[in-house]
Structures are given as structure tokens and as C-alpha cells.
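Numbering (our numbering), first residue to last: 52 to 661. C-beta: ideal position from N, C-alpha, C; glycine also.
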Ligand code: G6P
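Below, the structure is given as C-alpha cells:
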């Protein structure tokens, strides 16, 4: 949450910072701000604005300012409302220091009281402003020293960047718990919360670790720990495309990402399947494969959509491996008193690789001796770096805040991981080969569903007046029902509840009437008859039903109000197809309502606070 971008070099920093902010906007979009300095005149452009980065951009353009270094920030409010005074950068009393921050200063109230006693005057409700004044208070001729000392006094998490007019052409960045990556260009440096913000300028990066600080200036970079001990780090070259940063003619990134899914699946499986042997090959897990084979228990930890991928993974692992599999919300797992050992595996599933709760769950598992694994999309993210081993999605950037293509990617890769483990134990070559053949057909099946987009759009239009929806699915399709409901509520702000269909009679059925429609996942499989019974129960209470059903099922057409057909695959892969119409239904529903689909209110793509 909150996005940071910095630039120092010879170019005009202002457009670079604004462009970087636009790429970081998924991290927060309630307000934004910039401080850019011109080293010759020492003049500063200091502008903040409520709302999206485009609002800030309008203001900045009117200044026609050029500055060769600067910092900028897009905010997701934690302390204080999204107002201009609460937006970053924050300054000190002298108004010479400018600071941006991602994270939370937990002891800010105590520090603020002490600073106020010393005469510091605060203008915002934020925790961040305290750090700006604290650095001012500790400043005694040496800027780096003042920053280091101040960071030693704060509790909580931070990714910060700070500049000072009395110490020109220096940007200090530091991190603890919030991501910060430095980009090394030709005669210029950039730093950001995410490589996407600067990947157009350089793919040579240095990842800061917790409690590390870097001083960026004209022609070099000095990295130290918070005791100012020098740390030597060479830039790594990363393979991360800029693809994904334009909508390619689609109205929204979310729609583009939904339509990208055939390719997402191809990217997830490329070079990873050996059909003749019915096995998968995952280089990232090879170093720990023996440890994995010795595991007695595996727990998936994750949040949001990634949690539902884990929930699906549980069924897949139970089917293909002999492991005991559990799934837990990372925010719950991190505070449980679990007895873990080297025979426990904990797999963090995360698109961003930065989700605070998932990271904390992972660290807790590691502390207790478990083998920690990752299934992550963003290359080089904190979770990817802190796991013992893992698998990347290779799905490219996902910009829409509501996750779509990454869910599908995660589900496919969970099959690959389960296959890898299963085939070393009881799973037959025949079952392995069959699974691989069906996985390879997924892109074509997804294309067929996407070609049916207009039908789904018409159904979404028909249901626009409804304010509540129930989503039901059973067994493998229960996670899909949950994910479908999450999609709808995230982007259309309409109440939607996902339920395992079997639980319907234990509560939700009391809600059903002609105003409370149900989306039922009713594709072929061994629970099909059961879900049909649930549908009948809903119809008996005048509830409307939209069914997701297998192509050619003419029977179900007779009992439901609307139907979306999907191609048939083997039951363990069917949820990967079933989720696609639910994504499209949510998308069109929200679009007809005129919602801000790529940036839904109150949400952020990367949740780096607890
Ligand atoms: C936020 C996003 C969701 C995402 C969840 C977990 O809530 O809005 O789309 O599923 O975080 O994020 P992760 O990056 O860990 O998958």
C-alpha cells in the first residue's frame, strides 16, 4: 500500500516521477504528491493533490517546472483522511526536508508528543509526518546520520525516501518491512516500491533488505545498514516485461487481463510439463525436492483471491498427493500457536509477493522450522526472496486491482506442483499424462468461454437491479463460488456471498426470495446432482438462478433462469474454466453500474499493512 518512486540523474525528474506514480497507482489511489528539486537553482516543486495521480499531473503541468531529482508518492490512507495535508511528501518545520513513506510508524503518538514539546508543529494527522520532524530534530550537520538515527527510534514498518534542500543531489532511501527496489540506469538512479514503476528506464536492480539504507547521488550509490556499516551489492538484471502497461484497446485493465488468460495459462506451463512421463518439472523446487517429499503436512497461507486459489489447491493436493493439506488465511495463521517442524511445509501464495499478512505468516512458519515455499507472481518480491524455494507465475504485471489472471495462473501451477509431488508417490503415469493433456487444452477452452462474452454481458445487464447475490458451489467448485462472489463485491460494491452449496440449508436459504438471485456452479461432476437439488430448493422459494453448466446440458436449462455454458474438462481442472464467466459477469455488472473497475473504492492491489 502506498507507492514510492524517486529519480536522480540528468533528465527532468517530473514526468518520470508522474509516470512512475501511474504505474504504482494500484498500490493506493486516494491522494498523491511530488517534491522535485532543480540542483542549479535549488528551487523546489512541491505539489500534492487529493484523488488519482491524474489530478496531481494536471496541477504539476501548470507549473512547467524542471527538476533533476525528486520523490513522489501515491497514498492509501491509514492514519488520517485522504486530504492534501495528509498526502505525502511531508515536510519538517524548516520546510526544507521532504519525505515519503510506505508502512506504519507504530510509536508515532509517543514521538509526536515529545517533538511537540520541543516546539515542532504538525500539520497532518499522519504517522509519517512524525518521521520528517524526527529527522529535523536529529539533524546536526550530517543528513545520513540524522536519517539513520531517526529510523533507529521508530517502531513499525517503512519504505522511505527523503531529500533535503541543504543537502542537494542526495536521495536517502531505506526499508523495514515495506518493499524498496533501486534501479541502476546510465548516469541515473531510480528507486520504487515496485520495479514496474521504473522498468522502462532500467532492468538492473538492487533489492534493499530490511534495515538497509541507501544514499543515491550523482554517480554512485552507497548502501549501509542502519549502523552505517557499508554493504556491497551488485545490480541484478531482471526479466520483467513492460507489457501490461497499456490497455491494448480494452476499456479496462481488468477486461484485458481476463482476455489474456489463455496466454496466462500457456506462460504458467511453458517448459514445465513432460507429457510422455506424465510429470511436471519445476526448477524452483528442485533444490528442496527431497525435503518436500519428506513433508507430512502442507499449509497454504494467503489472502484475498490468492486465498481462494489455496482453497482450490487443497482439493487438488488431496487428490494427487498423499500429503495432509491445510489452508489458512495468512492474517489468522500468523497468530496461531502452531507446532511446526521440518516436516511441515508452508506455501505462501501471493500475486504481489508483498502482502504484509502473508509475509508475516511465512516468517512465523520459518521461525518455527517449517520449510517455506512460495507461489508468487512478482519476480524478486519480498516473499519470493524469503522463501526457501518456490515457483513463479510468469504472468506479467496484473494491473486491475481485482485479481483475475493470477488466480487462474495460481490454480494451474498448483496442479503442476501437486503433479510433481504426486508422481513421486502413488500417482500413476496414466493419470499424470491425462492431467497434462487436459491442462494443455485449457487455453483453447478459455478462448471458447471468452468468445461467449456477449452472452455473459447480457445476463449481467438483466440482473443490474439486484442488490444481493448468493454464489454456491460444491467441493472443487466451492472456492470458485467464493472467488466469484468476491469479484462482484470488490468491483461493483454489491453484496455477494459465496457459500459451499451444502451449507445453504443452514442459513443462507432464509434470505432467498425473488429479490435475492443465486449464481450456482453446476458443471458436470460427482456433486452435480447435489447442486441441482440445491437449485430446486432455491426455485421452490422463488429465487432466480444463474447456472454455470457444462456445454450440452439441456436438462438444467429447464430449471434455471439463465445459463452460461462452459466447455467440459476433467473435474479437477473444471474450476479453472468455471471462474472465467464469473469474472466476466462481475466485470460487466460493475461496468454497467459505471464503477471505477480498475481502482475500486477503498481497495489496493498490494496490501502492505496488517
Ligand atoms: C488485495 C488485492 C487482492 C489480492 C489480495 C492478496 O486484497 O486487492 O486482489 O487477492 O490483496 O494479494 P496477493 O498479492 O498477496 O495475492
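If you drop the 5 nearest sequence neighbours on each side, which residues of the same chain put their C-beta closer than 6 angstroms to that of residue i?
{"i": "residue 123", "result": "56, 68, 72 and 85"}
{"i": "residue 471", "result": "331 and 333"}
{"i": "residue 589", "result": "563, 569 and 596"}
{"i": "residue 267", "result": "59, 222 and 240"}
{"i": "residue 384", "result": "352 and 412"}
{"i": "residue 180", "result": "141 and 173"}
{"i": "residue 366", "result": "527"}
Name the DSSP bridge partner or partners of residue i?
{"i": "residue 643", "result": "Residue 643 is not bridged to any residue."}
{"i": "residue 255", "result": "288"}
{"i": "residue 275", "result": "264 and 281"}
{"i": "residue 398", "result": "351 and 424"}
{"i": "residue 153", "result": "210"}
{"i": "residue 441", "result": "425"}
{"i": "residue 375", "result": "348"}
{"i": "residue 614", "result": "598"}
{"i": "residue 123", "result": "56 and 85"}
{"i": "residue 519", "result": "546"}
{"i": "residue 227", "result": "209"}
{"i": "residue 215", "result": "148"}
{"i": "residue 447", "result": "None, per the DSSP bridge assignment."}
{"i": "residue 140", "result": "Answer is none; residue 140 lacks a bridge partner."}
{"i": "residue 467", "result": "Paired residues: none, contrary to the question."}
Return the CA-CA distance between residue i and residue j, expressed in angstroms with no decimal places.
{"i": "residue 284", "j": "residue 53", "result": "26 angstroms"}
{"i": "residue 160", "j": "residue 253", "result": "39 angstroms"}
{"i": "residue 290", "j": "residue 360", "result": "25 angstroms"}
{"i": "residue 440", "j": "residue 362", "result": "21 angstroms"}
{"i": "residue 338", "j": "residue 344", "result": "12 angstroms"}
{"i": "residue 351", "j": "residue 398", "result": "5 angstroms"}
{"i": "residue 429", "j": "residue 606", "result": "44 angstroms"}
{"i": "residue 349", "j": "residue 386", "result": "18 angstroms"}
{"i": "residue 601", "j": "residue 523", "result": "16 angstroms"}
{"i": "residue 100", "j": "residue 410", "result": "31 angstroms"}
{"i": "residue 148", "j": "residue 213", "result": "7 angstroms"}
{"i": "residue 225", "j": "residue 81", "result": "24 angstroms"}
{"i": "residue 227", "j": "residue 107", "result": "28 angstroms"}
{"i": "residue 576", "j": "residue 629", "result": "13 angstroms"}
{"i": "residue 163", "j": "residue 93", "result": "30 angstroms"}
{"i": "residue 473", "j": "residue 609", "result": "41 angstroms"}
{"i": "residue 435", "j": "residue 426", "result": "8 angstroms"}
{"i": "residue 632", "j": "residue 152", "result": "39 angstroms"}
{"i": "residue 121", "j": "residue 88", "result": "6 angstroms"}
{"i": "residue 529", "j": "residue 158", "result": "42 angstroms"}
{"i": "residue 515", "j": "residue 636", "result": "11 angstroms"}
{"i": "residue 378", "j": "residue 465", "result": "13 angstroms"}
{"i": "residue 65", "j": "residue 566", "result": "52 angstroms"}
{"i": "residue 263", "j": "residue 414", "result": "18 angstroms"}
{"i": "residue 418", "j": "residue 391", "result": "9 angstroms"}
{"i": "residue 29", "j": "residue 492", "result": "For residue 29 there is no data in the structure shown, the boundaries of the chain being 52 and 661."}
{"i": "residue 369", "j": "residue 548", "result": "26 angstroms"}
Using the rule of at least 16 other Cβ atoms within 10 Å of the residue's Cβ for burial, across every protein chain shown, is residue i buried or exposed?
{"i": "residue 302", "result": "exposed"}
{"i": "residue 323", "result": "buried"}
{"i": "residue 187", "result": "buried"}
{"i": "residue 205", "result": "buried"}
{"i": "residue 135", "result": "exposed"}
{"i": "residue 650", "result": "buried"}
{"i": "residue 647", "result": "exposed"}
{"i": "residue 279", "result": "exposed"}
{"i": "residue 421", "result": "buried"}
{"i": "residue 544", "result": "exposed"}
{"i": "residue 527", "result": "buried"}
{"i": "residue 592", "result": "exposed"}
{"i": "residue 394", "result": "exposed"}
{"i": "residue 541", "result": "buried"}
Ignore the nearest five residues each way along the sequence and tell me which others in residue i's own chain have a CB closer than 8 angstroms to its CB.
{"i": "residue 287", "result": "255, 256, 257, 258 and 431"}
{"i": "residue 169", "result": "188"}
Can you list, in chain order, the residues of its chain with a C-beta nearer than 7 angstroms to that of residue i? Leave out the 5 residues immediately preceding and following it.
{"i": "residue 634", "result": "309, 455 and 538"}
{"i": "residue 525", "result": "551, 552, 553, 578, 581 and 582"}
{"i": "residue 201", "result": "182, 185, 186 and 189"}
{"i": "residue 298", "result": "304 and 307"}
{"i": "residue 32", "result": "Coverage of the chain is limited to positions 52 through 661, which leaves residue 32 absent and any answer about it impossible."}
{"i": "residue 155", "result": "129, 178, 207, 208 and 660"}
Between residue i and the ligand COA, is the CB less than 7 angstroms from at least one heavy atom?
{"i": "residue 433", "result": "Ligands in the displayed structure: the ligand G6P; the ligand COA is not one of them."}
Taking Cβ positions only, does residue i come closer than 8 angstroms to chain D?
{"i": "residue 528", "result": "In the structure shown, chain D cannot be found, because there is only a single protein chain."}
When you compare the region 163-175 with the region 110-126, are there three or more beta-carbon pairs, one atom per stretch, that lie closer than 8 angstroms? no
Decide if the region 373-381 is in contact with the region 441-448; the criterion is three or more beta carbon pairs, one per stretch, under 8 angstroms apart. no
I want to know whether the region 619-635 touches the region 478-491 - three or more CB-CB distances under 8 angstroms. yes
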